[in-house]
Amino acid sequence: MNKIYEQSKAFESNIRLQIIASLYKSDLSYRQLKEICNCSDGNMATHLNKLIQSQFILKHKRIYKDKPLTTYHLTDYGRNEFIKYVKMLKAVIEKEETENEKENTIDDQPVINNFSI
Numbered sequence: 000m001n002k003i004y005e006q007s008k009a010f011e012s013n014i015r016l017q018i019i020a021s022l023y024k025s026d027l028s029y030r031q032l033k034e035i036c037n038c039s040d041g042n043m044a045t046h047l048n049k050l051i052q053s054q055f056i057l058k059h060k061r062i063y064k065d066k067p068l069t070t071y072h073l074t075d076y077g078r079n080e081f082i083k084y085v086k087m088l089k090a091v092i093e094k095e096e097t098e099n100e101k102e103n104t105i106d107d108q109p110v111i112n113n114f115s116i
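Numbering (numbering that gives the first Met the number 0), first residue to last: 0 to 116.
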């Protein structure tokens, strides 16, 4: 379980994790990310800035239909870190499932609980 604590702080926040997971598929606008994460402008800006500072995402500003449009892109570094994080979580879950299966056997036979209330 120590590997969980060694992971980047980018994954400590549910909102930042949601941003990274959302950007994994495609670039998104500020408005789209805000709707997905369901958070305030201030909260959204804080999380986006932390991800930019840690080089997980890039911010692109451009003019679209005579209006400013800000989009965000997951960097290669951010993508690789996210993939490593997901793999680590899968490994932890598989290990826990294996240990639970071992705990629920006696002499290599499954323990069946037929309790009824």
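From the three backbone atoms N, C-alpha and C, an ideal C-beta is built for every residue, glycine too.
Using a Cβ-based criterion (distance less than 7 Å to any ligand heavy atom), does residue i qualify as near the ligand MN?
{"i": "N48", "result": "With respect to the ligand MN, the structure shown offers nothing to examine, as it has no ligands at all."}
Give the range of the beta strand (DSSP E) segment to which residue i is assigned.
{"i": "K60", "result": "I56 to Y63"}
{"i": "T69", "result": "K66 to L73"}
If distances are taken between C-alpha atoms only, which option among the options comes closest to residue i?
{"i": "Q52", "options": "R30, L73 and S39", "result": "L73"}
{"i": "I35", "options": "K24, Q17 and H46", "result": "Q17"}
{"i": "Y23", "options": "H59, E95 and E80", "result": "E80"}
{"i": "S7", "options": "Y84, K89, E93 and A90", "result": "Y84"}
{"i": "L32", "options": "F10, K94 and T70", "result": "T70"}
{"i": "Y63", "options": "S28, A44, F10 and I14", "result": "S28"}
Would you kindly report the start and end of the unbroken alpha helix (DSSP H) that includes residue i?
{"i": "F34", "result": "It should be pointed out that residue 34 corresponds to Glu in this sequence rather than to Phe. Looking at the DSSP string, the run of the alpha helix (DSSP H) that includes E34 is Y29 to C36."}
{"i": "I44", "result": "Position check: residue 44 holds Ala in this sequence, whereas Ile was assumed. Element bounds for A44: D40 to Q52."}
{"i": "S21", "result": "N13 to K24"}
Using the beta-carbon count (16 or more within 10 Å), is residue i buried or exposed?
{"i": "H59", "result": "exposed"}
{"i": "R30", "result": "exposed"}
{"i": "N48", "result": "exposed"}
{"i": "A9", "result": "buried"}
{"i": "I14", "result": "buried"}
I'd like the list of long-range same chain contacts for residue i, defined as Cβ closer than 7 Å, with 5 residues on each side in sequence excluded.
{"i": "R61", "result": "L68"}
Sorted by chain position, which residues of the same chain lie with C-beta nearer than 8 Å to residue i's C-beta, five sequence neighbours on each side aside?
{"i": "Q54", "result": "T74, Y76 and G77"}
{"i": "I152", "result": "As displayed, the chain neither begins before 0 nor continues past 116, which places residue 152 out of reach and without an answer."}
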